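Chains as they are written, first to last, in this note's numbering: chain D, 1 to 325; chain Z, 326 to 650. Note that the Cβ used here is the ideal one computed from N, Cα and C, for glycine as well. Because the structure is a prediction, the values reported are computed rather than measured. To start, the structure itself, in structure tokens.
2 protein chains.
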Amino acid sequence: MADGTTTELSPLAESLMAGDKRSLARAITLIESDDPAGWALVREVFPKTGKARITGFTGPPGVGKSTLIGALTAELRKEDREVAVLSIDPSSPFTKGALLGDRIRLTEHFLDRGVFIRSMASRGALGGLSEAALQAVLAMDASGKDDVLIETVGVGQGEIDIVDHADTIVLALMPGSGDSIQALKAGVMEIPDIIVVNKADHPMTDTMVREVRSALSLSHQAGEWRVPILRTEAARGEGVAELAAKMAEHRAWIENEGTLAERRARNLRNEVVGLAAVRLRRRLEAVLEEDPEAARLVARVVDRELDPATAAIELLELTNEERGK
Amino acid sequence: MADGTTTELSPLAESLMAGDKRSLARAITLIESDDPAGWALVREVFPKTGKARITGFTGPPGVGKSTLIGALTAELRKEDREVAVLSIDPSSPFTKGALLGDRIRLTEHFLDRGVFIRSMASRGALGGLSEAALQAVLAMDASGKDDVLIETVGVGQGEIDIVDHADTIVLALMPGSGDSIQALKAGVMEIPDIIVVNKADHPMTDTMVREVRSALSLSHQAGEWRVPILRTEAARGEGVAELAAKMAEHRAWIENEGTLAERRARNLRNEVVGLAAVRLRRRLEAVLEEDPEAARLVARVVDRELDPATAAIELLELTNEERGK
């Protein structure tokens, strides 16, 4: 029933895999609205995925991740690579759909048939967003894009995140990103594959690069990939060719070392667990919304009659009973 | 079976509730090692909880949260309040057990019978840490502490976190916390109840306070609590009395507005759901570890034969079968 070997593909899957931009847009809308057709589509096209190079861009708001991605897209287009951008950073101009002023650099890509840009808004803490984003990345991959660039916020803790599903992770900082440096130093933030110090025209750039280097030196191990620290001024396109080159270099490195396959296997495993966990959590929330007995459980916790852990176990039992019906 | 009404209390529960420090330490060790006795104990003492004032301290590593908490503890002791500190910040000197140099300020409290300090190390992304931390906070509350202070890292996104279970949330920053300011401005970080700019002897403090104020002004609504911005130099105890006063003021405000009860009800509800979700996730991981069929599912995803969403559904089915056995 779900062995992935479908003999006949749906027309949408066909046109998506042929690279049709509107079909990709439609697919992502289905995914985003949690339409079963979206899930069915990803199931159909999944065997065609795995070819795209998936790069995650993370970093605090305001460092210019979207400008960087815009400039990088122009660079990748020079090599005739097809690019898809998925933005799930609520502070991003992509996400806000801002199309004016110095963002004109991004908008030029909207007219380019080789570029697909899509943003997704946050959908609360239930994990529904990463779930949809992961599926969207698969659809982008299946549509034949050479590069999928994911933009997300991420400072501080190494939470399970969409960026964990990338082959290469780029952390963007700018002079003044003190908190991120501290988090790197303290080992609280995971080490990315490439670090970009954007807005490198700032007088404090040298200091910043030095601080990043010293933070990295604490964790570097012999034989490991040496995380490059690049300087860019994305708004003027400076340093962006170097970034594209380093991305290619990292990709070659993980392929040679065999870690690409390893990373992808780990990512896919986490994706399966993550998707299952989201579903379970949604079921819990539904029971809590709909079952008066579950609501009573919580009321008793609030009245300090029943402790949260016991209530959790009883909630799980109720959830299983619901399924049994 | 689990209605929380036990007529006879265990000796450990008795001594814990009598305020015995060693019993509290033992209880938290049981909780941390996931010993069923720890869960049973929290179940016993839960009806006695709800009296402590629970304050969460968040902010990037390096801003001096632990020094601030140390100085605040001294301040609260002057009012003869009993204090428990729970640190779950991996970059904290509490967590590292550092007892030297300028941290002498903290260590003096270890000898004070009215102060209990405990740290918990991160236990991976499975959520096991927050689960244990929540139970530890309940044990501290039941032991008769007037204040429970929780120290945690948190920059950027509003993830579900231990800090969400506090009555009052204090965000600590320092001059140079540019990323946090950007995150506040962009609406990516949740607005805390009190903001402290620590290390206020820094020349950039005024600029920092101005930036924080402007970031807050974007989100302030009439009739809401007005988030105070305090300056402290915790290492010298400066500004700490003001922090204690603002904490008391916020507490009075949420009590008068009725939002304390609302917050606690919401927190407890989230705690029940969170605990249930952690258990479910653990069950999923166990099935994936132990059931060869589950391992085959993942292998098929890695081979791009089966898409992750379908694999997740099949994993859920396997998990239910496991339970049926």
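- When the beta-carbon positions are compared, Glu536 (chain Z) and Met445 (chain Z) stay at least 8 Å from each other.
- With the rule of 3 Cβ pairs closer than 8 Å, the stretch 493–506 of chain Z counts as touching the stretch 175–185 of chain D.
- Residues of chain Z whose Cβ lies closer than 7 Å to the Cβ of Arg304 (chain D) are, in chain order, Phe371, Pro372, Thr374, Gly375.
- Under the Cβ distance rule, Gln546 (chain Z) does not count among the residues neighbouring chain D, no pair being separated by less than 8 Å.
- Within the stretch 223–289 of chain D, the beta strand (DSSP E) runs of at least 3 residues that lie entirely inside it are, in chain order, 229–231.
- In this structure, Ala139 (chain D) sits near Val42 (chain D), with a CB-CB distance shorter than 8 Å.
- Comparing C-alpha distances from Ser143 (chain D) to each of D:Thr58, D:Glu82, D:Glu131, D:Ala40 shows the shortest one belongs to D:Glu82.
- Here Glu233 (chain D) has Asn198, Lys199, Ala200, Asp201, Gly239 as same chain residues with Cβ atoms under 8 Å from its own Cβ, once five neighbours each way along the sequence are excluded.
- Residue nearest to Glu515 (chain Z) within the set Z:Asp531, Z:Thr532, Z:Val534, Z:Leu543 is Z:Leu543 (criterion: CA-CA distance).
- In this structure, Phe441 (chain Z) places its C-beta atom within 8 Å of the C-beta atom of Leu349 (chain Z).
- Contact between Leu600 (chain Z) and Glu456 (chain Z) holds, since their C-beta atoms are separated by about 6 Å, short of 8 Å.
- For Thr374 (chain Z), the secondary structure class from DSSP, reduced to helix, strand or coil, is coil.
- The alpha-carbon of Asn645 (chain Z) is positioned some 11 Å away from that of Ile638 (chain Z).
- Against chain Z, the CB of Pro90 (chain D) has a partner CB under 8 Å away; the residue lies at that interface.
- In the three-state reduction of the DSSP assignment, Val115 (chain D) falls in the strand class, which pools E and B.
- When Z:Ile520, Z:Ala399, Z:Leu605, Z:Gly548 are compared, the shortest CA-CA separation from Leu641 (chain Z) is found for Z:Leu605.
- Taking 8 Å as the cut-off, the beta carbon of Thr152 (chain D) is found no closer than this to the beta carbon of Asp193 (chain D).
- Taking the C-beta atoms as reference points, Arg118 (chain D) is found no nearer than 8 Å to Val163 (chain D).
- Selection D:Leu9, D:Ala222, D:Leu149 evaluated against Thr73 (chain D) yields D:Leu149 as nearest (Cα-Cα).
- The alpha helix (DSSP H) runs lying completely inside the stretch 47–95 of chain D and spanning 4 residues or more are 65–78, given in chain order.
- Check the Cα spacing between Ile353 (chain Z) and each of Z:Thr392, Z:Leu454, Z:Gly387: the tightest is with Z:Leu454.
- Sequence-ordered contacts of the stretch 289–316 of chain D with chain Z read Leu297, Val298, Arg300, Val301, Val302, Arg304, Glu305, Leu306, Asp307, Pro308, Ala309, Thr310, Ala311, Ala312, Ile313, Glu314, Leu315, Leu316 [C-beta pairs closer than 8 Å].
- For a Cβ distance threshold of 7 Å, residue set Asp179 of chain D lies close to Ser505 (chain Z), ordered along the chain.
- Sequence-distant Cβ neighbours of His545 (chain Z) in its own chain, meaning closer than 8 Å and more than five residues away, are Arg551, Val552.
- Leaving aside the five residues that flank Leu459 (chain Z) on each side, the residues in its chain whose CB is nearer than 7 Å to its CB run, in chain order, Ile487, His490, Glu596.
- For Glu476 (chain Z), the secondary structure class from DSSP, reduced to helix, strand or coil, is strand.
- Considering only beta carbons, the part of the stretch 50–81 of chain D lying closer than 9 Å to chain Z consists of Gly50, Gly59, Pro60, Pro61, Gly62, Val63, in chain order.
- Residue environment analysis places Thr532 (chain Z) among the exposed positions, since fewer than 16 neighbouring C-beta atoms fall within 10 angstroms of its C-beta.
- Nearest to Ala71 (chain D) by C-alpha distance, out of D:Ser214, D:Leu243, D:Thr49, D:Arg213, is D:Leu243.
- In terms of CA proximity to Leu509 (chain Z), D:Pro61 leads the group D:Glu8, D:Pro61, D:Trp39, D:Asp35.
- Its chain contains Thr152, Gly154, Val163, Leu171 as the residues whose beta carbon lies nearer than 6 Å to that of Thr58 (chain D), once the 5 sequence neighbours on both sides are disregarded; these appear in chain order.
- Counted as a single uninterrupted DSSP element, the beta strand (DSSP E) harbouring Ile194 (chain D) occupies residues 194–197.
- Counting of Cβ neighbours within 10 angstroms places Lys470 (chain Z) among the buried residues, the total reaching 16 or more.
- Residues of chain Z whose Cβ lies closer than 9 Å to the Cβ of Leu171 (chain D) do not exist; the shortest such Cβ separation is about 12 Å.
- Listed along chain Z is no residue with a C-beta nearer than 7 Å to that of Val209 (chain D); the closest approach is about 16 Å.
- Under the 8 Å criterion on CB atoms, Gly176 (chain D) is classed as interfacial with respect to chain Z.
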